[in-house]
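Undergrad:
Number of protein chains: 2
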Amino acid sequence: MAEDVFKALADPTRRRILDELVERDGQTLFEICARLVTRHGLGLSRQAVSQHLAVLESADLVRSRRQGRYKYHDLNSEPLEHIVTRWLRPRAPESNP
Amino acid sequence: MAEDVFKALADPTRRRILDELVERDGQTLFEICARLVTRHGLGLSRQAVSQHLAVLESADLVRSRRQGRYKYHDLNSEPLEHIVTRWLRPRAPESNP
DNA sequence: TTGATAGGCAAGTGACCACTTGCCTATGGT
DNA sequence: ACCATAGGCAAGTGGTCACTTGCCTATCAA
């Protein structure tokens, strides 16, 4: 649902998580936590990140696969493709004066 | 700022307002109120809509021009153009099996 | 089996946000 | 001048949301 996608994108931390996943798929919860700290200076609890991932999953922006005691997270950019096109209109090409 | 754009898009009512403006530019506050009621069944106070418009304006998704006692609102879709591309990756074209 | 690692569940808290209400300003018509 | 219309300002309220804390389960290694 597009509704959930907009909600998911509303939070800055969740957008950072997407930034991390678009760069490297298949990260675990702990990896994401670590990278949020080292690369963005975000010191969040593990639960916080876990809850963010749940929101992203319910918007189908993140898919997860369990493997042993690890859970790998992958970005799914498909819901983003046309989420914004409903407000786009043809822009006049710039004519240099 | 992209930050403000995501915040602006987070609210369903604001997205409806954009829906109205993409269909017809130059609407006044009262017009938008009326159309939200008649076309979407949203019964909001005038102030609520006014505040939503302020948020949309601060995200530069809506531009307004004053003329006499009227204030006309126009959609500006430009901030939406590339807001989402940072998470898009090349998708493999579907090969029919 | 014991301990360490990866993750989940659930309740509590504080802050932000959407919305309302009441009052005020400004422009235009008659 | 009067009144109606279009809009703005500011304080108050309820609900949602991000985040924490504490405890529990599951997998792997020694």
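The listed protein sequences correspond, in order, to chains U and R. 1 is the number of the first residue of the first sequence in full-length UniProt numbering; add one for each residue after it. 1 is the number of the first residue of the second sequence in full-length UniProt numbering; add one for each residue after it. Glycine is no exception: its CB is placed at the ideal position from the N, C-alpha and C atoms. A quick note: this is a predicted structure, and the numbers were derived from the prediction, not measured.
#1: Taking the DSSP output, what are the residues bridged to R/Leu75?
#2: What's the C-alpha gap between R/Glu23 and U/Leu75?
#3: Should the region 3 to 11 of chain U be called in touch with the region 71 to 86 of chain U, which here means at least 3 C-beta pairs below 8 Å?
#4: Between R/Val49 and U/Trp87, what straight-line distance do the alpha-carbon atoms span, to the nearest angstrom?
#5: Have a look at U/Thr85, U/Pro90, U/His73 and U/Val84 and flag the residue whose alpha-carbon is nearest the alpha-carbon of U/Glu20.
#6: Which residues of the region 69 to 91 of chain R have a Cβ closer than 9 Å to any Cβ of chain U? Give them in chain order.
#7: What residue from U/Arg14, U/Met1, U/Leu18 and U/Glu3 has the CA that sits closest to R/Arg89's CA?
#8: Can you name the residues that DSSP bridges to U/Gln67?
TA: With the given structure in hand:
#1: R/Val62
#2: 33 Å
#3: yes
#4: 19 Å
#5: U/His73
#6: Leu75, Ser77, Glu78, Leu80, Glu81, Ile83, Val84, Thr85, Arg86, Trp87, Leu88, Arg89 and Arg91
#7: U/Leu18
#8: U/Tyr70
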